[in-house]
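Presented below is the structure to which this report refers.
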Amino acid sequence: MGLHTEKNLPVKAAASKRAVWRKRVRDNKFAYMLMVPTIIFMLLVHLLPMIQGFWMSFLKLNQFTLGKYLKAPFVGIDNYVGLLFNSDNPVRQGLNFAIRNTAIYAVIVTIGVMVMGLMMAMLLNRDFPGRSIARTAMLLPWVVPSYVVGVLWGFMWQQNGIINYFLVDVLHLYAEKPFWLLGPNTIWAIIIPTIWRGWPFLMVIFLAGLQTIPEDIYEAATIDGAGKFRQFWNMTLPMLKPVIAVQLLFQIINNVYSYNIVSTMFGNGAGYPGEWGDLLMTALTRQSFGYWSFGSGSAASIMLMFAMLMIVGVWYRAFRTELNTQ
Amino acid sequence: MSTHRKRSVSSFLLTSVTWLIVLLTIFPILWMVFTSLHSNDQILNGITTFSLPKPQWVNYINMWDTVNFAVYFRNSLLICGATTLLAGTFAVLAGYALARFDFPGSKLFSMSIISTQLIPGIMFLFPIYLMFLWIKNTFGLPMINTYWGMILVYTAFYTPISIWIMRSFFVSIPRDLEESATIDGCTKFQAFYKIILPLSLPGIIATGIFIFLTAWDELLFAWVLTTSSDVQTIPVGIRLFVGQYNTRYDLLMAASTVVTVPVMVIFFMTQKYFISGMTAGAVKG
Chain V
0 MGLHTEKNLP VKAAASKRAV WRKRVRDNKF AYMLMVPTII FMLLVHLLPM
50 IQGFWMSFLK LNQFTLGKYL KAPFVGIDNY VGLLFNSDNP VRQGLNFAIR
100 NTAIYAVIVT IGVMVMGLMM AMLLNRDFPG RSIARTAMLL PWVVPSYVVG
150 VLWGFMWQQN GIINYFLVDV LHLYAEKPFW LLGPNTIWAI IIPTIWRGWP
200 FLMVIFLAGL QTIPEDIYEA ATIDGAGKFR QFWNMTLPML KPVIAVQLLF
250 QIINNVYSYN IVSTMFGNGA GYPGEWGDLL MTALTRQSFG YWSFGSGSAA
300 SIMLMFAMLM IVGVWYRAFR TELNTQ
Chain H
0 MSTHRKRSVS SFLLTSVTWL IVLLTIFPIL WMVFTSLHSN DQILNGITTF
50 SLPKPQWVNY INMWDTVNFA VYFRNSLLIC GATTLLAGTF AVLAGYALAR
100 FDFPGSKLFS MSIISTQLIP GIMFLFPIYL MFLWIKNTFG LPMINTYWGM
150 ILVYTAFYTP ISIWIMRSFF VSIPRDLEES ATIDGCTKFQ AFYKIILPLS
200 LPGIIATGIF IFLTAWDELL FAWVLTTSSD VQTIPVGIRL FVGQYNTRYD
250 LLMAASTVVT VPVMVIFFMT QKYFISGMTA GAVKG
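Just so you know, the protein sequences line up as chains V and H, in that order.
Residue numbers for the first sequence follow numbering that gives the first Met the number 0, so the first one is 0 and each next one is one higher.
Residue numbers for the second sequence follow numbering that gives the first Met the number 0, so the first one is 0 and each next one is one higher.
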């Protein structure tokens, strides 16, 4: 008898597990109904193009094979090899500069918007005359479309533009007016506008985060003799850590994939922003479309995606505890 | 007494620093408007005075007929408006499903929503471009240079992140509300429609503005998927003011001002909802 039940148990468990699962599906019919449109859209415009992009990275796609791209010649990993080792590959041209610039740009912009956003949030969290006007005014740059940011700052950085007027004629920081859209200065010409447009959003998020921290713990800390800096370092920052973690991830993604500001600042995508202004996205788009090499372009974007996955992996390890305790 | 004075001095300093930063921050926007009221010759010579004796309001009239800007404006409004409606609806439905039900596959779905954000746009760009060509060749249905092609792409792109915002908003509404509604005889759909939707209006508005602003900003896909000015959006059209030999900075700055103003107006009318909606998700995770 005992032997009998032992033999039947796993079978029964599996059957009941399946029954439970089936029941859960049936009970959640309403949830599935709500998801249907989204699932259809995501299959059509996310999953399908992704599989297609993956497949394209193994094809020789150029202006001749584009028309019947499903029958384009299969070249295996040639596109990847070409990108990594063949210096004649058109998509590869200038990619070293683009990778370097993107790394510098993404790191400085991400740190810049987070630090400035937090600093401004703390300044605006105080009580002072005109606080609500200041808060509203601070949000203005974030509403300016990013292509306008590119156009506007590209105009302001010009040699006889307003920025050089301030730097040279008013503040006398330089002996003569420097070029900002040419040479190594270019990287600053793209970093500063991106920070300018990006930090108001972080300010709003941090301001909301600061307001969830109860006032009395600061009072208790002051009575215990903790200075302002200690309070910031040991109380404010740890309390904001979950917010910082999420915003950090979105900033990294946004800045590595940044396109609009650079492309509109330098001749609307058609022009080459120079070896200190070209970013990965502008370089890949210009080169792939310029030389009709969609296979190499796809291979490059897949490698970029894997690099991003690794960065996200590091991010997840660093903030695992904060993300799981939420 | 002395500590009090010291505190008020430091407080005065901090307030001054704050206002200085605020002024520096909004300066580029003021400069854009100020520049748009000059003639192109004045701009090319470099503007270094802050007085404006003769504002060139005519720039705001000329910009509309120099490159037929009204068409681009209409296209942007149409495409962004339709995208906001569609993506917003999908986000509300799916966000609610993810916030309230633990259905088989919900974990997988949440993960795939987040991972869509990791894919570079350019990776979709070639396949979608080719897919649109293929649809045209196979079914005779034009996709490139159509409103619905653009709306389809934008809707698909902005739905995932909007679902995420809506989901965190629905999570913040107590579950008891639907439970008591179902006890009173409502179906699940009625509870959602009659109780939860009105309560989540601020979140819906916030998500809608977010979608609209993001779509208004999109450049890369608009540039590749449209070649005819009948459907091209503002970011594509605005570059026509930049000529090879002669850039009309006066009109460029006027057009930049004109495209910034509507989003600013929409934003500041709904700012209250927007900030509470965005921060509800961002702060609570």
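Glycine residues also receive a C-beta, built at the ideal position from the N, C-alpha and C atoms.
Closer than 9 Å by beta-carbon distance: list the chain V residues that pair up with residue i, in chain order.
i: residue 192/H; result: None at all; the shortest Cβ gap to chain V is about 12 Å.
i: residue 263/H; result: 139, 142 and 143
i: residue 48/H; result: Neighbours of residue 48/H on chain V: none; closest Cβ ~10 Å, over 9 Å.
i: residue 19/H; result: The premise fails here: residue 19/H is roughly 10 Å from chain V at the closest Cβ pair, so nothing lies under 9 Å.
Report the neighbours of residue i on chain V: residues whose CB is nearer than 7 Å to its CB, in chain order.
i: residue 255/H; result: 147, 150 and 151
i: residue 93/H; result: 33, 34 and 37
i: residue 96/H; result: 30, 33 and 34
i: residue 187/H; result: 29
DSSP three-state label for residue i, please.
i: residue 246/H; result: strand
i: residue 58/V; result: strand
i: residue 270/H; result: helix
i: residue 241/H; result: strand
i: residue 63/V; result: coil
i: residue 49/H; result: coil
i: residue 191/H; result: helix
i: residue 102/H; result: coil
i: residue 165/V; result: helix
i: residue 73/V; result: strand
i: residue 276/V; result: coil
i: residue 178/V; result: coil
i: residue 232/H; result: coil
i: residue 55/H; result: coil
i: residue 93/V; result: coil
i: residue 127/V; result: coil
i: residue 157/V; result: coil
i: residue 290/V; result: helix
i: residue 143/H; result: coil
i: residue 174/H; result: coil
Where does the unbroken alpha helix (DSSP H) through residue i begin, and where does it stop?
i: residue 289/H; result: Only positions 0 to 284 of chain H appear in the structure, and residue 289/H is not among them; the question remains open.
i: residue 79/H; result: 68-99
i: residue 43/V; result: Residue 43/V -> no alpha helix (DSSP H), and no H or E assigned at all.
i: residue 130/H; result: 120-138
i: residue 105/H; result: 105-115
i: residue 228/V; result: 227-230
i: residue 134/V; result: 130-142
i: residue 193/V; result: 185-210
i: residue 166/H; result: 146-170
i: residue 248/V; result: 236-255
i: residue 258/V; result: Unbroken run through residue 258/V: none, as it is neither H nor E.
i: residue 39/H; result: 39-44
So, using beta-carbon positions, are residue i and residue j closer together than 8 Å?
i: residue 164/H; j: residue 209/H; result: yes
i: residue 233/H; j: residue 262/H; result: no
i: residue 150/H; j: residue 81/H; result: yes
i: residue 184/V; j: residue 192/V; result: no
i: residue 87/H; j: residue 161/H; result: yes
i: residue 169/H; j: residue 272/H; result: no
i: residue 62/V; j: residue 291/V; result: yes
i: residue 205/V; j: residue 242/V; result: yes
i: residue 131/V; j: residue 260/V; result: no
Show which residues of chain H have a CB atom less than 7 Å away from the CB atom of residue i.
i: residue 45/V; result: 115 and 155
If I measure Cβ to Cβ from residue i and keep anything under 8 Å in the same chain, skipping five residues before and after, which residues do I get?
i: residue 180/H; result: 189, 190, 193 and 194
i: residue 255/H; result: 31, 35 and 237
i: residue 127/H; result: 152, 220 and 224
Excluding the five sequence neighbours on either side, which residues of its own chain have a C-beta within less than 7 Å of the C-beta of residue i, listed in chain order?
i: residue 38/H; result: 55 and 249
i: residue 239/H; result: 66
i: residue 14/H; result: none
i: residue 215/H; result: 75, 79 and 262
i: residue 2/V; result: Interpretation of residue 2/V is limited by its pLDDT of 46, a score under 50 that renders its predicted location unreliable; the figure taken from the coordinates is listed afterwards. Hits under 7 Å: none found.
Identify the contact partners of residue i in chain H, using a Cβ-Cβ distance below 8 Å as the criterion.
i: residue 140/V; result: 24, 25, 27 and 28
i: residue 213/V; result: The contacting residues do not exist; residue 213/V stays about 14 Å from chain H at best.
i: residue 296/V; result: 121 and 125
i: residue 51/V; result: 126, 129 and 130
i: residue 301/V; result: 122
i: residue 154/V; result: 34, 248, 251 and 252
Beta-carbon within less than 6 Å of residue i's beta-carbon, same chain only, minus the 5 sequence neighbours each way: which residues are those?
i: residue 143/H; result: 131 and 224
i: residue 115/V; result: 198
i: residue 0/V; result: Any answer about residue 0/V is weak, because its pLDDT of 42 lies below 50 and its placement is not dependable; what the coordinates show is given next. So the list is empty, once near-sequence residues are dropped.
i: residue 42/V; result: none
i: residue 176/H; result: 194
Is there a Cβ of chain A sitting closer than 8 Å to that of residue i, yes or no?
i: residue 203/V; result: Chain labels in this structure do not include chain A; the protein chains are V and H.
Under the criterion of a Cβ to heavy atom distance below 7 Å, does residue i qualify as lining the ligand SAM?
i: residue 250/H; result: Because no ligand of any kind appears in the structure shown, any question about the ligand SAM cannot be addressed here.
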